[in-house]
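To get full-length UniProt numbering, take the position in the sequence shown, counting from 1, and add 6.
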Amino acid sequence: VQRTLAIIKPDAVNKAEEIEDQVLRAGFSILNKRWVHLSPEQCSEFYSDHSSKIFFPSLVAFMSSGPIVVMELAKENAISSWRNMIGNTNSEKARAEQPDSIRAKYGRDEQCNAVHGSDSELNAEREIRFFFSRSVIE
Ligand code: ATP
7 VQRTLAIIKP
17 DAVNKAEEIE
27 DQVLRAGFSI
37 LNKRWVHLSP
47 EQCSEFYSDH
57 SSKIFFPSLV
67 AFMSSGPIVV
77 MELAKENAIS
87 SWRNMIGNTN
97 SEKARAEQPD
107 SIRAKYGRDE
117 QCNAVHGSDS
127 ELNAEREIRF
137 FFSRSVIE
């Protein structure tokens with residue numbers, strides 16, 4: 007059984023219950039869950055891999071604009087399973103290519119795309135630690 011980190015982003019927290027239902031129906035266990043409102047500094051740290059990207063300031067502003075729901079999920083092949091379920095980063099493409107995906111249903115564009123999913127075991131570990139084993143963001 008593998009673990010991954012899922013985030014319901016500020017644009018979709020009003021659909022959190024609906025999304026959590028889909029997570030459970032897809033066979034994931036929710037090992038940990040918390041609501042948190044990150045500061046811009048904390049968002050910059052979380053997305054530090056993207057710090058050189060042109061969209062970084064906008065991404066940080068978006069992710070710190072309101073509360074998010076963070077979930078530690080477990081399932082066989084959780085990382086790829088969750089990434090498949092959320093669909094293309096660009097919600098418009100998700101609507102065209104994976105109409106049943108979470109981003110197709112709840113995302114707006116390539117930034118406001120409803121959810122996050124870890125993209126590797128190393129990042130899943132780092133991200134789970136970021137939210138669930140540090141006191142710094144309490
Ligand atoms: P995530 O890491 O959130 O699961 P991802 O792996 O599909 O998404 P990344 O390329 O890692 O996408 O980008 C991280 C996040 O940055 C995206 O989910 C999105 O919110 C934002 N983002 C990505 N590309 C763009 C872009 N071209 N313009 C604006 N925002 C973007």
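Built from N, CA and C at the ideal position, the CB exists for glycine as well.
Item to check | Cutoff 7 Å; reference S70; Cβ partners in own chain excluding five residues on either side | outcome: Excluding its 5 nearest sequence neighbours in each direction, S70 has C-beta neighbours in its own chain below 7 Å: L44, S45, P46, C49, listed in chain order.
Checklist entry - So R109 packs on G93, CB below 8 Å; how close in whole Å? => result So it is a contact: roughly 4 Å between Cβ atoms.
Item to check | Close-in-space but distant-in-sequence residues of the same chain around R114 (CB under 7 Å, 5 per side omitted) | outcome: Sequence-distant partners of R114 (beyond 5 residues in either direction) whose C-beta falls short of 7 Å from its own C-beta, in its chain, are D17, S97.
Next on the checklist: Short of 6 Å in beta carbon distance, which residues of its chain neighbour L37, apart from the five on each side in sequence? Order them along the chain.
Outcome noted: Within the same chain, L37 has close Cβ partners E78, A80.
Checklist entry - Any idea what DSSP makes of I38, helix, strand or coil? => result Going by the sequence as given, residue 38 is Asn instead of Ile. In the structure shown, N38 sits in a strand (DSSP, three-state: E or B).
Checklist entry - Going by beta carbon distance, what residues of the same chain come within less than 6 Å of K39, once the five residues before and after it are set aside? => result Within the same chain, Cβ atoms closer than 6 Å to the Cβ of K39 are found at M77, the five residues on either side in sequence being excluded.
Item to check | Classification of K59 by the beta-carbon crowding that lies within 10 angstroms, buried from 16 upward | outcome: Exposed, since its Cβ has fewer than 16 Cβ neighbours within 10 Å.
Checklist entry - CB V66 to CB Y53, shorter than 8 Å? => result Using a Cβ distance threshold of 8 Å, V66 and Y53 count as a contacting pair.
Checklist entry - So does F61 have its beta carbon nearer than 7 Å to some heavy atom of ligand 2? => result Of the ligands this structure carries, namely ligand 1, none is ligand 2.
Checklist entry - Sorry if obvious, but does the Cβ on T10 come closer than 7 Å to a heavy atom of ligand 1? => result Taking 7 Å as the cut-off, the C-beta of T10 does not count as close to any heavy atom of ligand 1.
Item to check | S35 versus D106, W88, K99, R135, residue with shortest Cα-Cα distance | outcome: The alpha carbon of S35 has as its nearest neighbour, out of D106, W88, K99, R135, the alpha carbon of W88.
Checklist entry - Roughly how far, in whole angstroms, is the beta-carbon of N129 from the beta-carbon of Q8, given that I think they are within contact range, below 8 Å? => result About 13 Å separates the two Cβ atoms, so there is no contact after all.
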